[in-house]
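First up is the structure itself, then whatever we jot down about it.
Structure, rendered in structure tokens:
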């Protein structure tokens, strides 16, 4: 799917993991999204929940290189904007969770995408395809 210039797209946590940890199945796909976002002035949006999801495994493994990378991810991604988890997002997430029975983290990500008026939500979780308020793109 071609990205639309000057738009906003939501990037789910798993895409950052695939990219920064060089997952052979996904790295080139995610890299093209990130590069195209810069070329087309596309704002990448994600929730600050990203920190919790990204940092657990590197903390367990005491992988300081990845920890430092993830703690400063916005320094490596100039088009990335991290959104605070607000009351509005949490209320929206509760509605999404009640309606679709998604896990809380997924509901928070989807609510953030909706509140931020993202045209697309990029991720790898096929279970989210049933969400209709934002177009879900599975890579």
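Numbering (UniProt numbering), first residue to last: 1 to 139. The beta carbon of each residue, even a glycine, is placed where N, CA and C say it ideally should be. Here the structure is a predicted model, which means the values were calculated and not measured.
70 is the residue among 35, 87, 65 and 70 whose C-alpha sits nearest the C-alpha of residue 52. Unbroken beta strand (DSSP E) runs of no fewer than 3 residues, entirely contained in the region 43 to 109, are found at 43 to 47 and 80 to 83, following chain order. Residue 19 has its alpha-carbon roughly 10 Å from the corresponding atom of residue 32. DSSP places residue 40 outside both helix and strand once states are collapsed to three, so it counts as coil. DSSP places residue 18 within a helical segment (H, G or I) once states are collapsed to three.
Of all C-beta pairs linking the region 91 to 99 to the region 38 to 55, fewer than three are shorter than 8 Å, placing the two stretches out of contact. For residue 38, the closest of 115, 25, 112 and 79 by C-alpha to C-alpha distance is 79.
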